[in-house]
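Q: Positions in the sequence shown are counted from 1; adding 2 to them yields the working numbering.
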Amino acid sequence: MCRPRKRKKRILFVDSDAFVLSALRRSLRCRDMEWQLAFAASVDSALAAMEANPAQVLVSGITLPGEGGIAFLEAIERNHPATARVILSGVCMYDEVARAQRVAHLYVTKPWSKNQLTQIVRSALALHDLLCLSGLPGALTRVAVSEAQWPEWPRQHAAIVERMHSANGITVRELASMIEQNPDMAQRLLNIVNSGLLGATPLRGKLEHAIRVFGINALSSLVLAMEIFAATGNADEERHALLSAALAASMAGRDAAEYAFTAALLHDVGLLYWPDHEPECTTGDGAIGHAELGAYLLATWGMPAPVIEAMAHHHHPMRNLDAERAQERDCAMVARAAGHVADGLANENRGRSPVIEQAAVDTLQFGGDLSSWRELTADLGARYDAKNSKNSRHSGSNSRRVTRPK
Ligand SMILES: [Fe+2]
Ligand SMILES: [Fe+2]
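(1) Using 7 angstroms as the cut-off, classify the Cβ of Asp364 as near or not near the heavy atoms of ligand 2, replying yes or no.
(2) When you compare the CB positions of Leu267 and Thr234, do they come within less than 8 angstroms of one another, or not?
(3) Taking 8 angstroms as the threshold (C-beta atoms), are Thr365 and Leu249 in contact?
(4) State buried or exposed for Gly71, treating a residue as buried only when at least 16 other CB atoms are found within 10 Å of its CB.
(5) Are Ala128 and Glu260 touching if we call contact CB-CB under 8 angstroms?
(6) Asp34 to Ile89, Cα distance in whole Å?
(7) Is there at least one non-hydrogen atom of ligand 1 closer than 7 angstroms to the beta-carbon of Asp278?
(8) Tell me the DSSP secondary structure of Leu127 in three-state form.
(9) Measure how close the beta-carbons of Val309 and Ala265 come, nearest whole angstrom, since I'm counting them as under 8 angstroms.
(10) Can you give me the start and stop residues for the alpha helix (DSSP H) that Phe263 sits inside?
(11) Using 7 angstroms as the cut-off, classify the Cβ of Asp270 as near or not near the heavy atoms of ligand 2, replying yes or no.
(12) How far does the beta strand (DSSP E) with Val59 in it reach, from first residue to last?
(13) Excluding the 5 residues flanking Thr143 on each side, which residues of the same chain have their C-beta closer than 6 angstroms to its C-beta?
(14) Please state if the CB of Phe15 and the CB of Phe41 are separated by a distance shorter than 8 angstroms.
(15) For the beta strand (DSSP E) that Lys11 lies in, which residues bound it at each end?
(16) Output needed for His315: all residues of its chain with C-beta closer than 6 angstroms, excluding positions within five of it in sequence on either side, in chain order.
(17) Suppose the cutoff is 7 angstroms on Cβ atoms and the five residues either side in sequence are ignored; what does the same chain contact list for Val105 look like?
(18) Just to check my reading of the structure: Lys116 and Gly92 have Cβ atoms closer than 8 angstroms, yes? What is that Cβ distance to the nearest angstrom?
(19) Can you tell me which residues form a DSSP beta bridge with Ala40?
(20) Which one or two residues does DSSP pair with Thr173 in a beta bridge?
(21) Below 8 angstroms, can you find three or more Cβ-Cβ pairs linking the segment 333 to 350 to the segment 216 to 230?
(22) Kindly indicate which residue of Gly296, Ala232, Glu229 and Asn193 has the alpha-carbon position closest to the one of Ser391.
(23) With distances taken Cα to Cα, identify the nearest neighbour of Leu133 among Asp332, Gln58, Gly198 and Trp155.
(24) Report the residue ranges of all alpha helix (DSSP H) runs contained in full by the segment 342 to 385; include only those spanning at least 4 residues, in chain order.
(25) Apart from the five residues on each side of it in sequence, which residues of its chain come closer than 8 angstroms, Cβ to Cβ, to Ser18?
(26) Within the present structure, is the beta-carbon of Leu267 separated from the nearest heavy atom of ligand 1 by less than 7 angstroms?
(27) Does the beta carbon of His315 fall short of 7 angstroms from some heavy atom of ligand 1?
(28) For Leu30 and Glu330, what's the separation of their Cα atoms in angstroms?
(29) Taking Arg411 as part of the beta strand (DSSP E), name the residues at either end of that continuous run.
(30) From Asn170 to Asn351, what does the alpha carbon distance come to, in whole angstroms?
(31) Among Glu36, Leu23 and Ala25, which residue has its Cα nearest to the Cα of Lys11?
(32) Taking the alpha carbon of Leu224 as the reference point, which residue from Asn196, Trp276, Asp131 and Phe263 has its own alpha carbon closest?
(33) Which partner residues of Ile89 appear in the DSSP bridge assignment?
(34) Which residue's Cα is closest to the Cα of Asn184: Val195, Met228, Leu299 and Arg9?
(35) For Thr120 and Lys389, what's the separation of their Cα atoms in angstroms?
(36) Comparing C-alpha positions only, which one of Ala297, Ala50 and Glu176 sits nearest to His82?
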């Protein structure tokens with residue numbers, strides 16, 4: 003039987019620099035069978051191309067002639083709200099990021115590798131599917147209007163990201179000193195890392211050592227999470243987030259651990275910011291829940307695409323996947339699966355009965371058995387509770403390394 007041919011997803015790249023456009027074209031040539039790639043060297047030709055044949059994903063430079071990239075993306079947002087908008091920028095100043103975040107779903111800084119570019123486009127396509135499924139842009143407007151404000155990017159994390167994206171990046175020492183400017187934050191992070199909840203306990207328990215052990219990105223994400231929890235004040239959700247993050251990082255394996263950790267740590271931020279809006283946020287066939295809202299919010303705060311994707315799909319990790327993608331085990335896919343399974347186990351640990359999708363467990367290649375992961379969850383939960391118990395005279399610190407169950 004003749005089956006209808008699946009329409010290729012269209013990706014439009016816009017940049018006034020011919021060298022950038024041809025580098026993009028070369029990098030994605032091997033994806034020609036999979037995607038319909040289009041290129042425009044000016045705002046006018048890009049707008050005309052979008053009118054003639056709207057793209058699912060638009061990847062644009064930020065410095066375009068005329069009114070510039072921001073005004074161009076605002077026009078796209080108005081006329082094609084379901085198109086996922088990605089900015090590929092060579093320069094990254096805080097003011098520029100802040101402006102771009104109002105109009106772009108994803109903000110990516112150069113240089114990028116061929117594999118990263120493929121990953122960015124895939125994540126943007128997943129975001130496009132998410133926007134279509136949930137009718138998200140309209141609902142976000144309604145939420146923002148009814149709340150009278152969209153949450154402000156927590157200051158300490160915003161400052162860290164600005165430094166990370168600066169020409170020289172950020173060193174471990176610099177990150178440690180930025181965090182130490184807020185002694186409460188520094189102490190909170192030390193309590194978490196020294197509890198053993200996240201795995202290895204850093205030698206001598208110093209913040210700088212903790213950053214070297216767990217990585218700059220993981221500690222930056224912890225800063226963001228702690229700022230959010232301080233603002234929203236939900237101790238049960240804080241425990242749930244930390245437990246989920248520790249499990250997800252351990253499940254994901256080395257390559258995807260960082261993405262899985264951050265996505266699991268922040269997966270329920272939509273719930274924290276909009277606890278009362280959840281039942282109201284439904285449009286058309288799609289329901290807009292805290293997963294989609296949280297993912298969208300974090301996209302506007304510059305989180306990497308695999309983190310956004312894993313957050314958005316943490317309740318339905320196999321949603322919006324075509325057959326080929328579902329078979330792949332790239333970082334975003336592993337982070338999706340790890341985030342879902344870790345969330346499920348952490349929810350079981352607090353007495354809930356979540357559905358853990360078998361396909362996600364299979365993606366993580368555990369051999370289908372979660373019993374040893376349940377034991378690890380109980381162990382981590384007990385460590386956290388011991389550390390946080392007011393009656394405990396001991397810190398709960400435990401230098402035993404958390405290992406991935408076989
Ligand atoms: Fe959730
Ligand atoms: Fe959760």
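For every residue, glycine included, the Cβ atom is placed at its ideal position computed from N, Cα and C. Please read all numbers here as calculations on a predicted model, not as lab measurements.
A: In short, the structure shows the following:
(1) Answer for Asp364: no, Cβ out of range of ligand 2.
(2) Taking 8 angstroms as the cut-off, the beta carbon of Leu267 is found no closer than this to the beta carbon of Thr234.
(3) With contacts defined by Cβ atoms closer than 8 angstroms, Leu249 and Thr365 do not form a contacting pair.
(4) Buried is the call here.
(5) No, the Cβ-Cβ distance between Ala128 and Glu260 is not below 8 angstroms.
(6) Their Cα atoms are separated by approximately 21 angstroms.
(7) Outside the cutoff, so no.
(8) In the structure shown, the three-state DSSP call for Leu127 is helix.
(9) Yes, Val309 and Ala265 are in contact; Cβ-Cβ is about 5 angstroms, under 8 angstroms.
(10) Phe263 -> alpha helix (DSSP H) spans Arg256 to Leu268.
(11) For ligand 2, at least one heavy atom lies less than 7 angstroms from the Cβ of Asp270.
(12) Val59 to Ser62 is the span of the beta strand (DSSP E), which, as asked, contains Val59.
(13) The predicted position of Thr143 is uncertain, since its pLDDT is 49 and thus under 50; a value taken from the coordinates is nonetheless stated next. Closer than 6 angstroms at Cβ, skipping near neighbours: no residue.
(14) Going by C-beta atoms, Phe41 is nearer than 8 angstroms to Phe15.
(15) Lys11 to Val16 is the extent of the beta strand (DSSP E) around Lys11.
(16) Excluding its 5 nearest sequence neighbours in each direction, His315 has C-beta neighbours in its own chain below 6 angstroms: Arg321 and Arg338, listed in chain order.
(17) Contacts found: Ile72, Leu75, Glu76, Glu79 and Arg87.
(18) That belief does not hold up - the Cβ atoms of Lys116 and Gly92 are roughly 17 angstroms apart, past 8 angstroms.
(19) According to DSSP, which records beta bridges pairwise, Ala40 is partnered with Leu14.
(20) Checking the DSSP bridge columns, you'll see Thr173 has no partner listed.
(21) They do not touch, by the three-pair rule.
(22) For the residues Gly296, Ala232, Glu229 and Asn193, the minimum Cα distance to Ser391 belongs to Asn193.
(23) Out of Asp332, Gln58, Gly198 and Trp155, Gln58 has the C-alpha closest to the C-alpha of Leu133.
(24) Complete alpha helix (DSSP H) runs here, min 4: 360 to 365.
(25) If you ignore the 5 residues before and after Ser18, its C-beta comes within less than 8 angstroms of the C-beta of Ala43, Ser44, Gly63, Thr65, Leu66 and Pro67, all in its own chain and listed in chain order.
(26) Taken from the Cβ of Leu267, every heavy atom of ligand 1 lies 7 angstroms or farther away.
(27) No, Cβ of His315 sits at least 7 angstroms from all heavy atoms of ligand 1.
(28) Cα-Cα distance, rounded: 18 angstroms.
(29) One cannot answer for residue 411 here, as it falls past the ends of the chain, which runs 3 to 408.
(30) Rounded to whole angstroms, Asn170 to Asn351 spans 42 angstroms at the Cα level.
(31) Looking at the Cα atoms, Glu36 is the closest of the given residues.
(32) Of the listed residues, the one whose Cα sits closest to Leu224 is Phe263.
(33) Beta-bridge pairing by DSSP links Ile89 to Ser62 and Tyr109.
(34) Residue Met228 holds the alpha-carbon nearest to the alpha-carbon of Asn184 among Val195, Met228, Leu299 and Arg9.
(35) When the Cα atoms are used, Thr120 and Lys389 turn out to be separated by approximately 42 angstroms.
(36) Taking the Cα of His82 as reference, the smallest distance to any Cα among Ala297, Ala50 and Glu176 is reached at Ala50.
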